[in-house]
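Asks: For the sequence shown, the residue numbers in numbering that gives the first Met the number 0 are 0 to 177. All C-beta atoms in this analysis are idealised placements derived from N, C-alpha and C, irrespective of residue type, glycine included.
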Amino acid sequence: MSPTPRRQLLTLLACLTALTLLPLSTGPAAAGEPDDFTALAEEVTRFTTTDADGRPVFDAEAAAAAGASPEVLEAGRLVPAAGRIGAATTAGELRTADGIPVWGNWCGPGHGSGEPVDTLDTLCMHHDLCYRERGYFDCACDARLKAEIARHADRMATGERLMAAAITAAFSVIPCVP
């Protein structure tokens, strides 16, 4: 027995009502969260400094003692890996970090080829291309990367956002070339 047009309409309305009750997104952050991302990145940066070799380090003990959220602590755990993207100082000279992939196909020194795998990887590709044009550790390239990460954080899945916060923190403390 086929459903009547009235029954089909009621079923359609029930489905549409259910859809309006679902969150807008289950992977990437919902609209309006770039401000939440900015707060996350700022909190991670608050507990990020550089070690004697100029590499970014996250003070997990201080962050935990200050009541940092699990998200901040997880992003902070990623700071040393994110710091591989940037520079370290040795006797006042900038040098590239080890050629180790950090995220996707483009995030990481000496690691840039292929199609970007997601939003963060696309931003890392733009950053790499900026470095090719302007020179390694260019401050404008680093500032643009941080700004673009904040602007596009609402498109990122959870793990991607955490790495993006770690990258933002790392590029907030490592030296750059004006």
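In the structure shown, what three-state DSSP assignment does Phe-57 receive?
Replies: The answer is strand: DSSP assigns Phe-57 an E or B state.
Asks: Between Pro-69, Ala-51, Gly-53 and Phe-46, which has its C-alpha nearest Leu-161's C-alpha?
Replies: Pro-69
Asks: Do you know offhand how far Arg-133's Cα is from Cys-140's?
Replies: The straight-line gap from Cα to Cα measures roughly 8 Å.
Asks: Identify which residue in Cys-138, Glu-42 and Gly-82 has its Cα closest to the Cα of Ala-61.
Replies: Glu-42
Asks: Give the DSSP-derived three-state secondary structure of Cys-106 in the structure shown.
Replies: Here Cys-106 sits in strand by DSSP.
Asks: Considering only the beta carbon of each residue, do Phe-36 and Ala-152 sit closer than 9 Å?
Replies: yes
Asks: Based on DSSP bridge pairs, tell me the residues matched to Val-176.
Replies: Asp-137
Asks: Between the C-alpha atoms of Ala-163 and Gly-107, what's the straight-line distance to the nearest angstrom?
Replies: Cα to Cα, Ala-163 sits roughly 13 Å from Gly-107.
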